[in-house]
Amino acid sequence: MIHHTDCGSGLLARDELRAGYVSRGGWDEETALDMAVLDPAKTAAEDVQKLRSAPELQPTIGNVKIGGYVDDLKTGNITTVVEPG
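Under my numbering, the letters of the sequence shown match residues 1 to 85, in that order.
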């Protein structure tokens, strides 16, 4: 799971932009706000946990390693935030 800095989804944290998105038939207000990535390390870690606990993946989880990373778009550095496991 790789997230990156300066993600455009962060714009969904702005009330006026989120309201426009919702009014055009996007997600509901709460879901759209939840999709805003303001801290890519936090959201990458949350997504890794969701994948590791997903019932659909449990039959193969022992064969699949899932890790979390952040790509810093300014420096090009990729940082591990959750070790693969």
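Ideal Cβ placement from N, Cα and C applies to all residues, glycine included.
query: Looking at the structure shown, is Ile61 part of a helix, part of a strand, or coil, going by DSSP?
result: As a position in the sequence shown, residue 61 is number 61, starting the count at 1. If DSSP states are grouped into helix, strand and coil, Ile61 belongs with the helices.
- request: List the residues that DSSP assigns as beta-bridge partners of Gly26.
  value: By 1-based counting over the sequence shown, the position of residue 26 is 26. According to DSSP, Gly26 bridges with nothing at all.
- prompt: Tell me which same chain residues have a C-beta within less than 8 angstroms of the C-beta of Trp27, skipping the five on either side of it?
  reply: Here residue 27 refers to the residue found at position 27 of the sequence shown. Tyr21, Met35.
- request: Please list, in chain order, all residues of the same chain as Val82 whose beta carbon is under 6 angstroms from its beta carbon, the five residues on each side excluded.
  value: One-based indexing of the sequence shown puts residue 82 at position 82. Ala45, Val48, Gly67, Gly68.
query: Terminal residues of the continuous beta strand (DSSP E) containing Val82?
result: Mapped onto the sequence shown, residue 82 falls at position 82. Residues 78-82.
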